[in-house]
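Residue numbers (my numbering): 1 to 133.
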């Protein structure tokens, strides 16, 4: 979050581009928010924490020096499921920045956002509950 805009500028990322994928296993919400404040990808694929209740807007607090240690269920002995954001948090962040959550992968790990300016009124009108598997 603290340096992403500076890095994008350093490497010449245009203000508008086609696809952004965010999967950083902890501060995803905060980094995505920082990017969308200055950049306008047409499509965003963002990781969510499928262990969090989908209908509740939850995210870990920003912590620059913290990262996910892995899940005990995946064989990481000291791991947790404490990371990232819920699907509803992603949906609200999308709405705040003028995007629409249009699809959630069947495994519940990735949400796909599209710039509302590129969508039909019918696509924009689809409610959150109809998108969530």
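From the three backbone atoms N, C-alpha and C, an ideal C-beta is built for every residue, glycine too. Keep in mind that this is a model prediction, so the values were computed, not measured.
Can you tell me which residues form a DSSP beta bridge with residue i?
i	result
residue 103	112
residue 40	16
residue 5	Its beta-bridge partners do not exist; DSSP assigns none.
residue 47	110
residue 21	45
Using the rule of at least 16 other Cβ atoms within 10 Å of the residue's Cβ for burial, across every protein chain shown, is residue i buried or exposed?
i	result
residue 35	buried
residue 110	buried
residue 37	exposed
residue 30	buried
residue 7	exposed
residue 78	For residue 78, the pLDDT reaches just 49, beneath the cut-off of 50, and the residue's location in the model is therefore unreliable, leaving the point undetermined.
Under the assumption that residue i contacts residue j (Cβ atoms under 8 Å), give the Cβ distance between them as a whole number of angstroms.
i	j	result
residue 21	residue 57	Actually they are not in contact, since the Cβ atoms of residue 21 and residue 57 sit about 22 Å apart, beyond 8 Å.
- [ ] Assess, as a yes-or-no matter, whether the region 6 to 22 is touched by the region 33 to 49 under the definition of 3 or more beta carbon pairs within less than 8 Å.
- [x] yes
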